[in-house]
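For the sequence shown, this note's numbering begins at 111 and goes up steadily by one.
Positions of the beta carbon are idealized from the N, C-alpha and C atoms, including for glycine.
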Amino acid sequence: MQTSSDRHEYPSHWEADVVLRDGGTARVRPITVDDAERLVSFYEQVSDESKYYRFFAPYPRLSAKDVHRFTHHDFVDRVGLAATIGGEFIATVRYDRIGAGGLPASAPADEAEVAFLVQDAHQGRGVASALLEHIAAVARERGIRRFAAEVLPANTKMIKVFTDAGYQQKRHFEDGVVRLEFDLEPTDRSLAVQRAREQRAEARSVQRLLAPGSVVVIGAGRTAGGVGRSVLAHLREAGFTGRLYAVNKSLQDKELDGVPAHRSVRDIGEHVDLAVVAVPAPYVPEVVAECGEHGVQGLVVVSAGYAESGPGGRERQRELVRQARTYGMRIIGPNTFGIINTSPDVRLNASLAPEMPRPGRIGLFAQSGAIGIALLSRLHRRGGGVTGVTGVSTFVSTGNRADVSGNDVLQYWYDDPDTDVALMYLESIGNPRKFTRLARRTAAAKPLVVVQGARHAAAPQGHAVRATRLPHATVSALLAQAGVIRVDTITELVDAGLLLARQPLPPGPRVAILGNSESLGLLTFDACLAEGLRPLPPLDLTTEASAEDFHRALERALADDRCDAVVVTAIPAVGETSVQDAALAEALRSASASAPAKPVLVAHVELGGLAEALSAAASTAPQTGAGAGGTADTAGPGAHSAPVGRQDPERPSAGTGAPDETRLIPAYPAAERAVRALAEAVKYAQWRREAAEPGKVPEYEDIDEKGAAEQIDALLSRGTGLTLGAEDTCALLGRYGVDVRRALPAPTPGEAAAAARTLGYPVALKTTAPHLRHRADLGGVRLDLADEEQLRRAYAELTELFGTPEELRPVVQGMAPRGVDTVVRAVIDPAAGAVLSFGLAGAASELLGDTAHRLIPVTDRDASSLVRSIRTAPLLFGWRGSAPVDTAALEEVMLRVSRLVDDHPEVVGVSLEPVVVAPHGLSVLGATVRLARAPLRDDLGPRTLPVV
């Protein structure tokens, strides 16, 4: 337990686990009075040169006064943080608040001196950069806006830490010392630097797990059939290229299945990179300690009995992660199916899959072991299959994903040269805000296809996830905004993956259809229309068509400028032989090679011969080697792949694609499956084109950001969780250029008349009672009241129909120009972050759910697409002869609301309802704003691993 120092309680929220540059982990925490011995021990292990750089003079040991100073902090004006591994310090950083002349000071002084010391053995691991992010976040929290540091010119490593951080800084040289001063306000560059470091570190941490130089299986039993013994056999049979060991306390022999065997990890005389843990849960802590003390870098824990088993198991899982991180290790699992890397340089099958998948360029991630089995089976089954000749680059099953998650794997796949397409099965998203950020970046480089399980139920018991108030449809919309190809089933997952792995992205939605069945062509035509594609009239080649007829028709279709993609339909001919099947496969291959920029798909009906021919033509695809688990299989009854030429490095493609690999024609057993995969590729291609010009967040000169901040601080001083009154709401929104049409309370008919005279006729009389608010259909609104007589009559009608003025809370408001009633909302979701939503007012959004969503901050391009993405959007653009409304004004209001929420995280909810959009201009007739204290950390904060 940590003991607090002088003035403030121990700030436990400053504790964090971080991933370092080399993929290892360290714990960052405040230094306390209990750390005196750790500090002295740490200092003794620092070289004299590093001590000289820190104190500018020989400083062999710390005095008692030094130790007291460096361990006693008030956590406000004096703060020290340590990076620890195994409970011992490997680096420290501290700041001291200073005032004029560099003397110690307290608030409101907003400058501090900062200094680092990193143990020599851990220099070059990015420890100082991580500590700088965390100490800067602490300083900002304590009102410090600027750091100053004095560094000797020879200490180039530390100067680089400061200069590379991306902050605005000044540098000058005096008295033989370099003095650096830099503002702590995050900049675009500092944020970019931070996220680039995050990506490199997390990718490296996964790479260390997927490409180890040595593996030990702990729990490999003496008899065949157990989990540990099975994993050991799979590693050996896959031809793992590194060193392999077996560990079991009961082993007496020096070998197990030809693998060196030991009774403990400590007995292995060499370094071990990865440990596969397959012992019962109660024995895992002892195993983790042995691995940590031996320097093992990562763990794959296949053992069950953790969070999936209930509260007791959940606590065991938390302790497992805490213990592993203490030693700088990362964990896949627990309760994992395992990991696979088919690279010929690694050949790792540390999983329960008995056969190694065919090498290829698809990355596969599954939280569920059962779904992982199903996917690997489909990708491997004999008989022609979805990616039988495309294959897998890496496979990761995270089980309970207590540590390594889909976010980490995305970081790895982003710049993995062996992965062109990423397929993910997710049952929960622990950090949706980060996931959408990473997905957007990944999707800009290579396709990312996702199936979400547990869409209509809670996440699996083993998954620790932040609660979200957003419905599944909203989360799906946000994923689509990030470029994620979201499909509903694992069949669609592999269908889309096949198409994207080896076919170019379609340049547009125009589809040519040709084949030897008129009926199948018409089904394909209808499927294209249903998926929003633009099919050309099907070309029927008749059942007498030869392979040469298919060749000529496909060449003509691909040469047609009106065509962006081709779906070939085929049915078996009576008496057809395998020779003819092979001829048809070759005809399609050679014809598609003439237009490498347009995708080609095949929809066939029970055409087993063609499927085999398409797969058999894959002789140039990567083949499995010895020990890979059998012959080159394909994937079950489903889509099939045929190589039809070499990939042109200049043509547009879905993934990166090595130029010397075979381009595959995917074949599907149903037209609907082929067309659905094509439609997803068309939408993704369109997103890629738009993502190349992502738009910008506009700057508005009339925004009063400072005034809004002062108003928010004043309002929150009254309390938190505050819903603003009408006057404060109008004032705050007005500072961001959102004018709310004034509404005056009318508790009596006389006061209603007085309000109307103030506003000017014509006016509207509205009830604001919760059960009638925004429900004009219930009769709680009277419009176009031209004079006092009409107003008083309407007042009497409302009170007679609905109740007393005290119950109705009537207001009088000036009439707005006629238009389309819309709703603009912004909310802060605890999991997804800030979200902007838009829809038409009334039944369209409330009953039918016709609402569109975008993540904040919203760009001008986002706002434009938001207006156009609802199903009822035609009502805004002159549907059935009505006048188009001013959508430019509507988009501007959205952008201003987005800026308000993005600039001030204390604004946790904004609702503008209704926003009446007229042919010229708009009127905001109602608005509510909710405030709450901003969270201490957000996505702009320092890098951290999820809290366990």
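Pro140 counts as buried, since at least 16 other C-beta atoms from the protein chains shown sit within 10 angstroms of its C-beta.
Pro709 counts as buried, since at least 16 other C-beta atoms from the protein chains shown sit within 10 angstroms of its C-beta. The C-beta of Leu888 has fewer than 16 other C-beta atoms within 10 Å across all chains shown, which makes the residue exposed. Rounded to whole angstroms, the Cβ separation of Ala417 and Asn510 is 5 Å, and the two are in contact under 8 Å.
Within the DSSP secondary-structure output, Ser1033 pairs in a beta bridge with Val1026. In its chain, beyond the 5 residues on either side, Asp158, Lys161, Tyr162 have a beta carbon closer than 8 Å to the beta carbon of Pro168. With respect to Val382, Val326 sits close: the two C-beta atoms are nearer than 9 Å. Assigned with DSSP and collapsed to three states, Asp298 falls in helix. For a cut-off of 8 Å, the C-beta gap from Ala904 to Asp931 is around 20 Å, too long to register as a contact. When Cβ pairs closer than 8 Å are counted between the two stretches, the region 554-564 is seen to touch the region 590-598, the count reaching three or more. In this structure, the CA atom of Gly482 is about 19 Å from the CA atom of Ala611. As computed with DSSP, His372 is found in a beta bridge with Val357.
Rounded to the nearest whole angstrom, the C-alpha separation of Ala657 and Ala703 is 16 Å. Per DSSP, the continuous beta strand (DSSP E) segment holding Arg620 begins and ends at 620-625.
With a 10 Å radius around the Cβ and a threshold of 16 neighbouring Cβ atoms, Leu911 comes out exposed. Counting only residues of its own chain and dropping the five nearest sequence neighbours on each side, Cys401 has a CB closer than 6 Å to the CB of Val375, Ala385.
Assigned with DSSP and collapsed to three states, Thr508 falls in coil, not helix or strand. Here Val850 is actually not in contact with Val1020; their C-beta atoms are around 11 Å apart, not less than 8 Å. When the five nearest sequence neighbours on each side are left out, the beta carbons in the same chain lying within less than 8 Å of the beta carbon of Ser992 are those of Leu985, in order along the chain. As for any beta strand (DSSP E) of minimum length 3 sitting wholly inside the region 886-936, the runs are 891-895, 920-924, ordered along the chain. Ranked by Cα distance from Val531, the options Asp671, Ala215, Tyr794 are led by Tyr794.
Following the DSSP letters along the chain, one finds Asp293 in no alpha helix (DSSP H) but inside the beta strand (DSSP E) bounded by residues 287-293. The Cβ-Cβ distance between Arg1040 and Val1018 falls below 9 Å.
The DSSP assignment places 188-195, 198-208, 221-228 as complete runs of the beta strand (DSSP E) inside the region 164-250, in order along the chain (cut-off: 3 residues). In the DSSP assignment, Asp650 forms a beta bridge with Gly625. DSSP, reduced to helix, strand and coil, places Ile966 outside both helices and strands of the structure shown, so it counts as coil. Residues of the same chain with a CB within less than 8 Å of the CB of Phe199, apart from the 5 flanking positions on each side, are Asp145, Arg148, Leu149, Ser151, Phe152, Ala192, Ala193, Gln229 in chain order.
For Phe185, the closest of Arg252, Gln155, Gly134, Asp674 by C-alpha to C-alpha distance is Arg252. Gln521 carries a helical assignment under DSSP once its states are collapsed to helix, strand and coil.
Gln407 carries a coil assignment under DSSP once its states are collapsed to helix, strand and coil.
Within the region 795-855, the complete alpha helix (DSSP H) segments of 4 residues or longer fall at 815-826, 836-845, listed in chain order.
Around the beta carbon of His183, a 10 Å sphere encloses 16 or more other beta carbons of the protein chains shown; the residue is thus reported as buried. Rounded to the nearest whole angstrom, the C-alpha separation of Val1011 and Tyr277 is 24 Å. Taking a C-beta distance under 9 Å as the contact criterion, Phe180 and Glu260 do not qualify as a contact pair. Under the Cβ criterion (8 Å, minimum of three pairs), the region 615-629 counts as touching the region 668-684. In the structure shown, Thr1038 falls within a strand segment according to DSSP collapsed to helix, strand and coil.
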